[in-house]
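Under this note's numbering, think of the first position of the sequence shown as 795, with each following residue one higher. Cβ coordinates follow ideal geometry from the N, Cα and C atoms, glycine included. Here's the structure we're looking at; comments come further down.
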Amino acid sequence: MIVNRENLIKSLGKTFPFNLAVRNQIAALADRTEVVFFKRGDVIYHEGAAARSLYVVFEGQVEVIKEIGHSFKKKNIMKAGDLFGEDILSEKNKRRTAARAMEDSLLIRIALPVLARFIQQNPDLRKYFQFISDTYANLQSRQQNFDLDNETVYFMGQPHKIFLVARACFLFIIAILAISTVQYLASVRILSSDITMGAFPAIIGVYFIWLFWNILEWVNHVFVFTNRRVINFDRKLFLYESREETPLDAVVSFTSQANFLGRQYGFGDLAINTFTGIMELRNLPQIESAQKMLEYLIERAHEDHYIEEKQDFENLLRGRRGLNIEQPVEEKPDMQGSGRDRFSRKTHIYHTHWLFLLRKTILPFLVTAGSVLAFIFLSTYFPTAMQNAIVRGLVSILIAAAAGWWIYQFIDWRNDRYIITPEQIIDVYRHPLGMEDKRTAPLESIQSIRYQRQGLLGILFDYGTVYIKVGNEDFTFNNIHHPLKVQQTLFGYLEQANLIEKQANLVEQRRQMAEWMDTYQQFNKDHPEDTSGSNKLDKSE
């Protein structure tokens, strides 16, 4: 992209929250910025250095990294139109992370005095800068892995702190009432002094355990907005773990609600409507800023699609004219789930967790083992009885029946399969000697995906249920191992399927448009406009 004043204004005008300012303010800001170039692998700033500038990616790609132990962990990826260097917005102005160019990059550098003057001239934008500063603080301090490689995180936060404070106050009142009750019972000599002295530390200990439990639950409830999806993650300690997410392409609309307390402290409930369901983010902090951010992400996603379509159509025309095809600056990632499966397009088959296999087969196994032991016992201590054909036949039949029961239960467990292919999901329930129930759905029909790990065993042994919303139906992958990995694989396949379908439709539309243009040009060549009559008329006049 050519670096000129108009392109600088355009780039800043597409960056949140500068996009909320009027054009003349953005133009004035662009005149006070500078464009700097970094080669691939260059460090833009180091962790621990003084924060003197805010950066906007004009062209290229940048990774934000943090040193943890003796290694660097990637915290975020910034692409064209993204800002980074949020430490400049904090009071300490000290870098808590480092930034490094992932490829040759042009960056717009905004000095601290310039940014301060801009915010002073646009006080309504101060809350949005605080919003991205809080997101940055949550992102760089959180150790939990949401498997968001190749995605840019624009928002990460927990439910509003007021609910944590309110719950702590409620627990404190309960503890005070319990201590007062113990004191009263001790004063009327209902409780002995030994019991009273032991009750006080017990109540205090229970209070702090309960308080710590609630703090952990609050920390483990996280909302995330990325350039591809919205995530609602919730974990109750030793009880359950749930993760619900929906692609930005599936969002139809969203509404926010805030009660009187929410309006005073800036929080509320955000309901995200998809084609068939609603995803609720309850007690979302900075609800107005979060809604603006979501609007920005959806609009930007649509604009990116439009630019890609325009470039692809231009390439099609170039190809038909025999001209060189312009290659996109940035290649699209091959989104195939997570980890080692990210770049594969294989079929995944899942079964319920082995604990459920154990539960189905434990009784047949015990009966089989008991029958074998009984056979050995009778053969050893009562050999004459085992010489009887009837007794020997009954014991053999019992062993065979018990073994057959175990085999039946194993096959029954193995026949229940949950299948993910690059084109569809398949839910198969089949009994060895009964009917088969098989349901399928195309990936592009999926509207939302979430998983839940229920109970202490589900958390310890990492199994749970993945819930898939397909039209008006719900598909459930019940009690499968590592539900997060299954959800991520499914989400990657969903994105890839939607991308392939859109590209196929666009290719056909572009082909038809190109043929129409060729037909139009050929028609003009075959039927040139005859202007001789009009010329004669002009001369006669």
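Which residue wins for smallest C-alpha separation from residue i, given the options the options?
{"i": "residue 1076", "options": "1053, 1086, 1243", "result": "1053"}
{"i": "residue 1199", "options": "1013, 1154, 1208, 1241", "result": "1154"}
{"i": "residue 898", "options": "916, 1228, 873", "result": "873"}
{"i": "residue 1350", "options": "1059, 810, 1042, 995", "result": "Nothing about residue 1350 can be reported from this structure: the residues present for the chain run from 795 to 1335 only."}
{"i": "residue 961", "options": "1048, 934, 1004, 987", "result": "1004"}
{"i": "residue 1041", "options": "1222, 1281, 1181, 1029", "result": "1281"}
{"i": "residue 815", "options": "1078, 912, 900", "result": "912"}
{"i": "residue 1022", "options": "823, 995, 1098", "result": "1098"}
{"i": "residue 1238", "options": "1250, 1262, 869", "result": "1262"}
{"i": "residue 1011", "options": "859, 1269, 958, 857", "result": "958"}
{"i": "residue 1164", "options": "1143, 1141, 1189, 1183", "result": "1189"}
{"i": "residue 1057", "options": "998, 1272, 1081", "result": "1081"}
{"i": "residue 859", "options": "1244, 843, 894, 881", "result": "894"}
{"i": "residue 1192", "options": "1100, 1169, 803", "result": "1169"}
{"i": "residue 1014", "options": "1037, 994, 1002", "result": "1037"}
{"i": "residue 970", "options": "993, 1267, 807, 1217", "result": "993"}
{"i": "residue 819", "options": "991, 1310, 908, 1046", "result": "908"}
{"i": "residue 865", "options": "848, 841, 1248", "result": "841"}
{"i": "residue 968", "options": "843, 1000, 1156", "result": "1000"}
{"i": "residue 800", "options": "810, 825, 1002, 809", "result": "825"}
{"i": "residue 1090", "options": "1145, 1045, 1055", "result": "1045"}
{"i": "residue 1226", "options": "1201, 1096, 983", "result": "1201"}
{"i": "residue 833", "options": "1055, 1078, 1214, 853", "result": "853"}
{"i": "residue 1229", "options": "1162, 1206, 1219", "result": "1206"}
{"i": "residue 871", "options": "881, 857, 861", "result": "857"}
{"i": "residue 1195", "options": "1309, 1159, 1068", "result": "1159"}
May I have the straight-line CA-CA distance separating residue i from residue j, to the nearest angstrom?
{"i": "residue 813", "j": "residue 883", "result": "18 angstroms"}
{"i": "residue 805", "j": "residue 798", "result": "11 angstroms"}
{"i": "residue 885", "j": "residue 930", "result": "14 angstroms"}
{"i": "residue 845", "j": "residue 1223", "result": "59 angstroms"}
{"i": "residue 1147", "j": "residue 890", "result": "42 angstroms"}
{"i": "residue 1049", "j": "residue 1066", "result": "7 angstroms"}
{"i": "residue 839", "j": "residue 879", "result": "9 angstroms"}
{"i": "residue 1072", "j": "residue 830", "result": "44 angstroms"}
{"i": "residue 925", "j": "residue 1084", "result": "8 angstroms"}
{"i": "residue 921", "j": "residue 1087", "result": "12 angstroms"}
{"i": "residue 1257", "j": "residue 1150", "result": "10 angstroms"}
{"i": "residue 1008", "j": "residue 1030", "result": "9 angstroms"}
{"i": "residue 1271", "j": "residue 1243", "result": "11 angstroms"}
{"i": "residue 851", "j": "residue 900", "result": "6 angstroms"}
{"i": "residue 775", "j": "residue 950", "result": "Given that the chain is displayed from residue 795 to residue 1335, the structure contains no residue 775 and the question cannot be resolved."}
{"i": "residue 1232", "j": "residue 1210", "result": "10 angstroms"}
{"i": "residue 905", "j": "residue 896", "result": "23 angstroms"}
{"i": "residue 888", "j": "residue 863", "result": "19 angstroms"}
{"i": "residue 1131", "j": "residue 1143", "result": "Residue confidence for residue 1131 is low, a pLDDT of 41 falling below 50, so the modelled location carries little weight and cannot support an answer."}
{"i": "residue 1351", "j": "residue 943", "result": "A query on residue 1351 cannot be resolved here, the shown segment of the chain reaching from 795 to 1335 and no further."}
{"i": "residue 1093", "j": "residue 948", "result": "14 angstroms"}
{"i": "residue 1245", "j": "residue 1278", "result": "7 angstroms"}
What do you get for residue i, buried or exposed, if any count of 16 or more other CB atoms within 10 angstroms of its CB means buried?
{"i": "residue 1212", "result": "buried"}
{"i": "residue 1319", "result": "exposed"}
{"i": "residue 1187", "result": "exposed"}
{"i": "residue 876", "result": "buried"}
{"i": "residue 1122", "result": "Confidence in residue 1122 is poor, its pLDDT being 49 and thus under 50, which makes the residue's placement unreliable; the coordinate value appears in the next sentence. By the neighbour-count rule (16 or more Cβ atoms within 10 Å), residue 1122 is not buried but exposed."}
{"i": "residue 1175", "result": "exposed"}
{"i": "residue 836", "result": "exposed"}
Determine the DSSP secondary structure at residue i, reduced to helix, strand or coil.
{"i": "residue 890", "result": "coil"}
{"i": "residue 829", "result": "strand"}
{"i": "residue 811", "result": "coil"}
{"i": "residue 884", "result": "coil"}
{"i": "residue 1152", "result": "helix"}
{"i": "residue 801", "result": "helix"}
{"i": "residue 895", "result": "strand"}
{"i": "residue 863", "result": "coil"}
{"i": "residue 1255", "result": "coil"}
{"i": "residue 1279", "result": "helix"}
{"i": "residue 1177", "result": "helix"}
{"i": "residue 1043", "result": "helix"}
{"i": "residue 877", "result": "strand"}
{"i": "residue 1035", "result": "strand"}
{"i": "residue 739", "result": "Outside the displayed span of the chain (795 to 1335) sits residue 739, for which this structure offers no information."}
{"i": "residue 1206", "result": "helix"}
{"i": "residue 1146", "result": "strand"}
{"i": "residue 856", "result": "strand"}
{"i": "residue 1140", "result": "coil"}
{"i": "residue 796", "result": "coil"}
Legend entry - Complete runs of the beta strand (DSSP E) confined to the stretch 1045-1104 [at least 3 residues]: You should have 1047-1051, 1061-1067, 1072-1079.
Inset, instruction - Please list the segments of the beta strand (DSSP E) lying wholly inside the stretch 946-1014, counting only runs of 3 or more residues, in order along the chain. - result: 947-951
Legend entry - alpha helix (DSSP H) runs wholly inside the stretch 897-942, at least 4 long, in chain order: 906-915, 920-935
Inset, instruction - Enumerate, from N- to C-terminal direction, the unbroken beta strand (DSSP E) stretches of 3 or more residues contained entirely within the stretch 1208-1268. - result: 1211-1214, 1218-1224, 1230-1236, 1240-1248, 1257-1264
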